[in-house]
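What follows is a set of notes on a single structure, which appears directly below.
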Amino acid sequence: MIAIQNYLVISALLFSIGLAVAVTKRNAILILMGIELMLNAVNLNLVAFSQYDPNRLQGQMFVLFIMVVAAAEVTVALAIILKLYDYFKNLDLDEINSLKK
Amino acid sequence: MFDELLKNLDYTLIKQIAFAAFAVITVGGALYLLFTKSVLYAAYSLLLTLLGIAGLFVFAGADFLAVSQIMIYVGGILILLIFGIMLTNNKNFQRTNLQTNKIEVGHHNRFWAVLVAVLLFLGFLKIIFAANFHIVGKQIHNSSSLQQIGINLMTDYIFAFEVIGIFLLAALIGAVYIAKKEKV
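If you read the protein sequences in the order shown, they are chains Z and D.
Position 45 of the first sequence, counted from 1, bears residue number 55 in my numbering, the numbering being contiguous throughout.
Position 82 of the second sequence, counted from 1, bears residue number 110 in my numbering, the numbering being contiguous throughout.
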């Protein structure tokens, strides 16, 4: 059997990389990708613990709802990003620094 | 001779090798996403990572979630992200290079961010190996978890299920409303 520590270490790695991606990248879409990575790391943790709870599967239910929330988050964020691009013609977050002229 | 080989195979070893392969795919994709400059390659490496996570879900006995991971993340979210990349491609930067799909983006304060991420990872490692998990339940995954998920969704989680449906509808309508072009 695969020990639970393996899942936890992979998940910790994914979370750290996701954090680094979200902080270092300058493009707004890449920051969204970093957030997706962090969400996936959390999902992996929940699923890994849920395998010891086969009668109720609470972790897997939680992951299902997290997936729906992530989908909603990405659609709204992309809509906002498209609007930003219409206005600034650029997605570099260092350049997008005014709320309204 | 081939049957002999199949009989003598150590299935736990094969399982561990496959698990390690999926783990390497997952982490490698994430690392490439961190260090690449091209936005499109980043999206493709995110695809690798998501597929690897779906594989890891299978090893944890979550077959339904693995399929929904592929359908929602790879089939939905990643396609949306690639649409976003294509729609926000600035033509002014493209005239200088001849490759049409080469969209590059720089990093800022990379040193500190990577340092913080590494420290965070070391902290997580310390916590994981210091915590002595005594797993109480038994681990069963001979059967599919699909039936249990269906029963759960219709009994214990029925309220959350309905609320998340309304929430998703509201989010999609809101996204369409925000993104629509305003007629002047």
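We put the beta carbon where it would ideally sit given N, CA and C, even for glycine.
Please read these numbers as outputs of a predicted model, since none were measured by experiment.
query = Ends of the alpha helix (DSSP H) at Tyr39 (chain D)?
reply = Tyr39 to Phe63
inquiry  = Considering only DSSP beta bridges, list what His135 (chain D) is partnered with.
reply    = Z:Lys35
query = Going by the beta-carbon positions, is the gap between Lys35 (chain Z) and Ala207 (chain D) smaller than 8 Å?
reply = Contact flag unset, no.
request  = Can you have a look at Leu109 (chain Z) and say buried or exposed, based on whether 16 or more other CB atoms are within 10 angstroms of its CB?
outcome  = Residue environment for Leu109 (chain Z): exposed (fewer than 16 other C-beta atoms within 10 angstroms of its C-beta).
message = On the DSSP letters alone, give me the boundaries of the alpha helix (DSSP H) that Phe30 (chain D) sits inside.
response = Where Phe30 (chain D) is concerned, the enclosing alpha helix (DSSP H) stretches over Phe30 to Lys35.
ask   = In chain Z, what lies closer than 9 Å to Ala70 (chain D) by C-beta?
value = Here the neighbours are Val31, Lys35, Asn37, Ile39, Leu40 and Met43.
Chain-ordered neighbours of Tyr97 (chain Z) on chain D, where CB pairs are closer than 7 Å = Within chain D, no residue has its beta carbon less than 7 Å from that of Tyr97 (chain Z); the closest one is some 11 Å off.
key: Limits of the unbroken alpha helix (DSSP H) element including Ile105 (chain D)   = First-last for Ile105 (chain D): undefined, no H or E at that position.
query = Listed from N- to C-terminal order along the chain, which residues in the region 99-110 of chain D have their beta-carbon within a distance smaller than 7 Å of any beta-carbon of chain Z?
reply = Ile100, Gly104, Ile105, Leu108 and Leu109
query = Nearest to Phe148 (chain D) by alpha carbon, out of Z:Ala82, Z:Leu103, Z:Ala22 and Z:Gly44?
reply = First, the residue type needs correcting, since residue 148 (chain D) is Leu and not Phe in the sequence shown. The shortest Cα separation from Leu148 (chain D) among Z:Ala82, Z:Leu103, Z:Ala22 and Z:Gly44 belongs to Z:Ala22.
request  = Establish whether the CB of Val95 (chain D) and some CB of chain Z are separated by less than 8 Å.
outcome  = Not closer than 8 Å to any Cβ of chain Z, the Cβ of Val95 (chain D) fails to qualify, so no.
key: Partners in chain Z for Ala51 (chain D), counting only beta-carbon separations shorter than 8 Å   = Asn16 and Ile20
task = Between the Cα of Thr54 (chain D) and those of D:Ile155, D:Tyr72, D:Ile163 and D:Leu37, spot the shortest distance and give me the residue it belongs to.
result = D:Tyr72
message = Between which two residues does the alpha helix (DSSP H) holding Ser96 (chain D) run?
response = Asp91 to Ser96
request  = Identify which residue in D:Asn36, D:Lys65, D:Phe47 and D:Ile105 has its Cα closest to the Cα of Asn50 (chain Z).
outcome  = The shortest C-alpha separation from Asn50 (chain Z) is found at D:Ile105.
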